[in-house]
Each structure stands twice: as structure tokens, then as C-alpha cells.
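One structure below.
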Amino acid sequence: MVGPHVASVCVYPVKSLRGVDVPAADVLAWGVQGDRRWMVVLPDGEVLTARELPRMLGVRATPVDGGIRLAAAGLPDLEVAEPAGGVADVPVGLSRLDRATSGGPRADAWLSEALGRPVRLVWLDDPRRRTVSESHGGLPGDTMALADAGPLLVTTVASMAALNGWIADAARESADPDGPSRPPLPMERFRPNLVVGGDLEPFEEDTWAGLRVGDVELRFSERCDRCSLTTIDLDALVTTKEPVRTLARHRRADGRTWFGVRVVPVTTGRVHVGDPVTSLR
103 MVGPHVASVC VYPVKSLRGV DVPAADVLAW GVQGDRRWMV VLPDGEVLTA RELPRMLGVR
163 ATPVDGGIRL AAAGLPDLEV AEPAGGVADV PVGLSRLDRA TSGGPRADAW LSEALGRPVR
223 LVWLDDPRRR TVSESHGGLP GDTMALADAG PLLVTTVASM AALNGWIADA ARESADPDGP
283 SRPPLPMERF RPNLVVGGDL EPFEEDTWAG LRVGDVELRF SERCDRCSLT TIDLDALVTT
343 KEPVRTLARH RRADGRTWFG VRVVPVTTGR VHVGDPVTSL R
């Protein structure tokens, strides 16, 4: 038996692009440092996500000192510096945020080529400008970067194993001859910031009031409802039926499917892979 611990820490510098696993990260009041401070918008400022354009998940963003590195097949990597001191003058169509700062014409041109359509890269200068909605468990003073609804997402290895077991069972029962041979879905489909491993029951996280990782305390804000972004095959960059089809059979409530929990930092500090995790009830 292995006690609950941090199995992985994940950072997604650009909303809807691929991210990276890191050995440790600072948790700030608005989430993991460097997580979702950037996003891709259309020329009119509307936010573009992989739900509309799956090929976005073929571009990886890695945090580097003072900025990010963008990588995509067929293109040279591009480093983009944080436009510190720049004016937040780009209108954007994101909830609870009306403007952001341009990442510059080089970044716009590179991403436009990578994605096959005209886009812009923008940066959130100050996450304190964006609050967590009360409808998503936010309290006065809660802030976040550019994630959809909460500062951090937490999932567990036990829940992922249960989900993959359900998918495998359904494949064996189906008439699809290739179903049983398909590999398990990766946790990356769900884009968590913290993955908790160890001796846990599947979906135990739904019952937590929060969790403590070292000196960092995180408050439960809500379960996470899952959208079509989780159905994108990260290799083929096409939309599939899983995992939403199976979640709809086993984890459907209130007309939605659920996997993982959103949490809000109560205290700040550094978290590491391997850190013990204590659930709060």
C-alpha cells in the first residue's frame, strides 16, 4: 500500500495547446505558476480552443525563463517572451476578461502557420483581473488565469484506472474487433494540474473538501464536467467517442459527465512530484 502522493505535476502555458509535466511547480493564488497565462484568439478576439480546432493539440508549449517555447512538427521552435510592460489592449471574448496583451507579430505568424488559419497569441498580464465565478464555487477574492472555470484541476490515478477498465469492458462486449487491443487512454486527455496517486478509491476525490500538499492547502470548488476536448486523440488529432461515451454510462448526473475536481488555493507554496497528499473532509 502506498499513501496518497503527487504522481505528476502538469503545466499548460497556452490554453488548449499541449503542455508538459514538470518535477515541481509553485502554486500561486490563481493557480500553478505559468499555467494558462496565454491563449490563442481569432483576429476578432474570439477565443479559439481545441474543441473547435483539434490540431491545436499538435502544438506544445513549454515554460522557459521569461516566456514560453512553442513547438510543432515541420516548424522551427519559437521562443516568445512575456510582454511585460505591454499594454493590455487586445479585446478578447473570454468570460470575466475583456482584454489581454499581444504576444507580438512573430508569435502570431508562427501560430497561424502551425494552425493553418489566421490567429493571434495573447497574454494575461495580471491574473488578479479575472475572478472565479460563484457558479463554479468561487468565493470573494478568488482569482484565476485563463482556464475555463477554476485555478487548478486535480485528478487521481485510481479514477483513471477505473475509467479505462470500464472502456475495456465495453470494448470486449462490443462487436468492434479492434476495441480490446486499443491502449488505455492517457491522463493527459483531461489536462489536470495535479495527479494524485497511491491508495485511493476511484472517484474518492468527489468527497474531498480539499487537500493539503506540503504547506499548500487547496479548497474544493466543484466537480469538473467534461467536454468534447477530452475526446481528441492526441496522436491523430481527431475527435473520437471516448471517454465521454463511457463517462455518460457511469458518471452522468445533472445532464453532464464528470471526471476530476476543481480546487482553489487557500495557501501558496511549492509542490513536488512525490509529495504526500492529505485529503480534507
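Position in the sequence shown counted from 1, then plus 102, gives you the working numbering.
Backbone N, C-alpha and C define an ideal beta-carbon position, used for all residues, glycine too.
All values reported here derive from a predicted model rather than from experimental measurement.
Same chain, Cβ closer than 6 Å to residue i, neighbours up to 5 away in sequence not counted
i: L196; result: V149
i: R314; result: T380
i: P193; result: G147 and R201
i: D123; result: S110 and C112
Endpoints, alpha helix (DSSP H) assigned at residue i
i: R82; result: Only positions 103 to 383 of the chain appear in this structure, which leaves residue 82 out of reach.
Proximity winner among the options, relative to residue i (alpha-carbon distances)
i: R364; options: D227, G133, V340 and P145; result: G133
i: A338; options: V161, G316, G362 and S381; result: V161
i: I296; options: V116, L199 and D137; result: The residue asked about is misnamed: residue 296 is Leu in this sequence, not Ile. Nearest of V116, L199 and D137 to L296, Cα basis: D137.
i: V111; options: A126, V104, T332 and G121; result: A126
i: G205; options: R219, E215 and V182; result: V182
i: R157; options: Q135, G218, W212 and S276; result: G218
i: R139; options: T257, S235, T164 and D179; result: T164
Endpoints, the beta strand (DSSP E) within which residue i is located
i: L349; result: Run containing L349: none in the beta strand (DSSP E); it sits in the alpha helix (DSSP H), V346 to H352.
i: A272; result: Unbroken run through A272 is the alpha helix (DSSP H), V259 to E275; no beta strand (DSSP E).
i: S214; result: No beta strand (DSSP E) holds S214; the alpha helix (DSSP H) holding it covers P207 to L217.
i: M289; result: Element bounds for M289: n/a, residue is neither H nor E.
i: A126; result: A126 to L130
i: R293; result: Unbroken run through R293: none, as it is neither H nor E.
i: D193; result: Inspection of the sequence shows that residue 193 is occupied by Pro rather than by Asp. First-last of the beta strand (DSSP E) with P193: V192 to L196.
Residue i in three-state terms, based on DSSP
i: E184; result: coil
i: S381; result: strand
i: P165; result: strand
i: T369; result: coil
i: R230; result: helix
i: D327; result: strand
i: S237; result: helix
i: R157; result: helix
Own chain partners of residue i with C-beta closer than 7 Å, once the 5 adjacent residues on each side are dropped
i: A272; result: T348
i: N266; result: P286 and L287
Residue i at chain B interface by Cβ criterion, 8 Å
i: W360; result: The structure shown contains no chain B; it holds only a single protein chain.
Beta-carbon contacts of residue i that lie in its chain and below 8 Å, excluding the five residues immediately before and after
i: H238; result: A251, G252, S323, E324 and R364
i: W310; result: F322, V363, S381, L382 and R383
Should the segment 160 to 170 be called in touch with the segment 179 to 189, which here means at least 3 C-beta pairs below 8 Å?
With the cut-off at 8 Å, the segment 160 to 170 and the segment 179 to 189 touch.
Is it the case that the segment 354 to 361 contacts the segment 325 to 332, given that we only count it when at least three CB pairs across the two stretches are under 8 Å?
They touch, by the three-pair rule.
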